[in-house]
Amino acid sequence: MKVAIVGATGLVGRNIIKESEKLLPRETEYHLFASSKSAGKSLTINNKDVIVEELNTRNIGEYDIALFSAGGDRSKEFAEQFISQGAYVVDNSSAFRMLEDVPLVVYGINENEITTTTKLIANPNCTTMGLVMALKPLHDRFNLHTITPVAYQAVSGSGTEAVKSLRNEESLDSESLLTVEEIFYPKPIARNVIPLAGNLTENDYSDEEMKIVYESRKILDIPELIVEPSNARVGVVTGHGVFCSAVFEKEIDTKEAIQVLNNFEGVEYWSETLATPLDAENNNNVLVSRLRRGLSSKKIINFWCVSDNLLKGAALNAVQIARYLVYK
Ligand SMILES: NC(=O)c1ccc[n+]([C@@H]2O[C@H](COP(=O)([O-])OP(=O)(O)OC[C@H]3O[C@@H](n4cnc5c(N)ncnc54)[C@H](OP(=O)(O)O)[C@@H]3O)[C@@H](O)[C@H]2O)c1
26 MKVAIVGATG LVGRNIIKES EKLLPRETEY HLFASSKSAG KSLTINNKDV IVEELNTRNI
86 GEYDIALFSA GGDRSKEFAE QFISQGAYVV DNSSAFRMLE DVPLVVYGIN ENEITTTTKL
146 IANPNCTTMG LVMALKPLHD RFNLHTITPV AYQAVSGSGT EAVKSLRNEE SLDSESLLTV
206 EEIFYPKPIA RNVIPLAGNL TENDYSDEEM KIVYESRKIL DIPELIVEPS NARVGVVTGH
266 GVFCSAVFEK EIDTKEAIQV LNNFEGVEYW SETLATPLDA ENNNNVLVSR LRRGLSSKKI
326 INFWCVSDNL LKGAALNAVQ IARYLVYK
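Read left to right, the sequence shown gives residues 26 to 353 (my numbering).
Structure (structure tokens):
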């Protein structure tokens, strides 16, 4: 089997390499692509050094699967070229997520939407992915109606340059931080919380907030789901957390809610200790804690969930889909 990893040198791409080593057949032949600046570098996969190639029209060959994490513009320009040479494309960018004929797949929730004619599969947004993993088993039992998620998005969700900026900022004192000019976000992120993640859209919500609205409806197949999102960026390296208030059609028994969460593959309820981004880092599972019944209604629960944005939020899910394509 031949697999192309497009954006192999990035934060997601490097994790795709690690997950592929664990989940895909050992004999898989890998081809790694990135920008011209990385061409000629070598990355190790299954103890073999593989030279990174520049992504361009001339060197796209025949692959079984191409895993894309090189930004939406590259996906728009090159995904179709890989598909026309026979590959399945699993795309981490937001380029195709809301297209009607493209399945938006969270492995464990809706991989059965991949049909015999599917060639392009979209990997959801990293914040949405962790949240819907917690919501899915609760929805199946109690019928979800409304969610009010407040997301605390980690810096690695914005890629390599954002993490570099955080590292530089960490060496500055608070006074210098407020005047420093070359920073990734509009405000310093070291030791800080910025009450906006992503870019504002016309309705005053950010694109990151609107991704939660549209993508959770599509993944959970609840077109009328009411979503009231607020997303902040926090000075955490990895691990997106979400406080979510969820309204259901049925009354909730909290013990049963915890049980359905624990019975769902890929989700763990933590009752003895609080689940934090540091706990979620390098953990394949979505961690849930602080589940409480609403103060105003027996149909509401409030909970916290946190997951590794580079793993289940990106690379792990993409490779789980790839493995599904191999063995289905
Ligand atoms: N980070 C997350 O938590 C996360 C989660 C879900 C989805 N995503 C999505 O995944 C994608 C990658 O994110 P990331 O965090 O890995 O970003 P990143 O660390 O900045 O990596 C970007 C990758 O894209 C490559 N690239 C950039 N311009 C290119 C070009 N012109 N031609 C070919 N390759 C090019 C880079 O290659 P060079 O190293 O050569 O520049 C690098 O491999 C984005 O679409 C992002 O929205 C990220």
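Yeah, the Cβ is synthetic: ideal placement off N, Cα and C, and Gly gets one too.
Going by beta-carbon coordinates alone, are residue i and residue j separated by less than 8 angstroms?
i	j	result
phenylalanine 107	valine 115	no
leucine 320	glycine 184	no
asparagine 342	valine 131	yes
valine 264	asparagine 334	Looking at the sequence provided, one finds glycine at residue 264 rather than valine. Yes, they are a contact pair.
leucine 312	valine 331	yes
glycine 291	asparagine 307	no
glycine 96	alanine 59	no
valine 272	lysine 324	yes
glycine 65	isoleucine 76	yes
glutamate 233	glycine 223	yes
glycine 155	valine 238	no
valine 175	isoleucine 244	no
serine 67	aspartate 74	yes
alanine 120	serine 100	yes
valine 205	glutamate 195	no
alanine 104	leucine 163	no
methionine 26	valine 351	yes
Among the residues of its own chain, which have a CB less than 6 angstroms from the CB of residue i, if the five just before and after it don't count?
i	result
asparagine 150	Lys236 and Glu240
tyrosine 349	Glu136
serine 270	Thr173 and Asn327
alanine 187	Val180 and Phe209
isoleucine 251	Thr171
valine 261	Ala179 and Pro302
glycine 340	Just to set this straight, residue 340 is alanine in the shown sequence, not glycine. Val37, Asn40, Ile41 and Glu44, listed in sequence order.
tryptophan 329	Phe268, Ser314 and Arg315
glutamate 293	Asn310 and Leu312
Which residue marks the beginning of the alpha helix (DSSP H) containing residue i, and which one marks its end?
i	result
alanine 347	341 to 352
tyrosine 39	Here residue 39 is arginine; the residue named in the question, tyrosine, does not match the sequence. Looking at the DSSP string, the run of the alpha helix (DSSP H) that includes arginine 39 is 36 to 48.
asparagine 327	From DSSP, asparagine 327 is part of no alpha helix (DSSP H) but of the beta strand (DSSP E) over 325 to 332.
isoleucine 76	Per DSSP, isoleucine 76 belongs to no alpha helix (DSSP H); it is in the beta strand (DSSP E), 73 to 79.
glutamate 281	279 to 287
leucine 335	Run containing leucine 335: none; DSSP gives neither H nor E here.
leucine 303	302 to 305
Under 8 angstroms Cβ to Cβ from residue i, same chain only, skipping five residues before and after it: list those, please.
i	result
valine 28	Ser45, Leu49, Thr53, Glu54, Tyr55, His56, Tyr88, Asp89, Ile90, Ala91, Leu92 and Ala347
lysine 353	Ile139
leucine 191	Val180, Phe209, Ile214, Ala215, Gly260 and Val262
leucine 160	Leu169, Ile172, Ser241, Leu245, Cys269 and Ala271
methionine 123	Leu129, Tyr239, Glu240 and Lys243
Cutting at 7 angstroms between CB atoms, please list the residues of its own chain near residue i, excluding the five before and the five after it.
i	result
asparagine 228	none
threonine 143	Pro128
asparagine 84	Glu78
serine 61	Glu79
alanine 305	Gly264, Leu312, Val331, Ser332 and Asp333
Can you tell me where the beta strand (DSSP E) holding residue i begins and where it ends?
i	result
threonine 69	67 to 70
asparagine 150	That residue, asparagine 150, is in no beta strand (DSSP E); it is neither H nor E in DSSP.
leucine 312	311 to 318
serine 296	It is not in any beta strand (DSSP E) - serine 296 carries neither H nor E in the DSSP assignment.
isoleucine 85	Note, isoleucine 85: premise wrong, no beta strand (DSSP E); not H, not E.
glycine 266	265 to 273
lysine 27	27 to 31
glutamate 276	That residue, glutamate 276, is in no beta strand (DSSP E); it is neither H nor E in DSSP.
valine 259	255 to 259
leucine 57	54 to 59
With a threshold of 8 angstroms between beta carbons, is residue i in contact with chain B?
i	result
asparagine 309	No chain B is present in this structure, which holds just one protein chain.
Between residue i and ligand 2, is there a pair consisting of the residue's CB and a ligand heavy atom that are separated by less than 7 angstroms?
i	result
serine 63	Ligands in the displayed structure: ligand 1; ligand 2 is not one of them.
Could you tell me whether the segment 131 to 140 touches the segment 37 to 57, where touching means 3 or more Cβ pairs closer than 8 angstroms? no
Ranges of the alpha helix (DSSP H) found wholly within the segment 163 to 231, counting only runs of at least 4: 185 to 195 and 199 to 204
contact_flag[the segment 281 to 293, the segment 193 to 206] where n(CB pairs < 8 angstroms) is 3 or more: no
Counting Cβ pairs closer than 8 angstroms, one from the segment 251 to 259 and one from the segment 292 to 300, do we hit at least three? no
Which complete alpha helix (DSSP H) runs does the segment 90 to 152 hold, if anything under 4 residues is left out? 97 to 109
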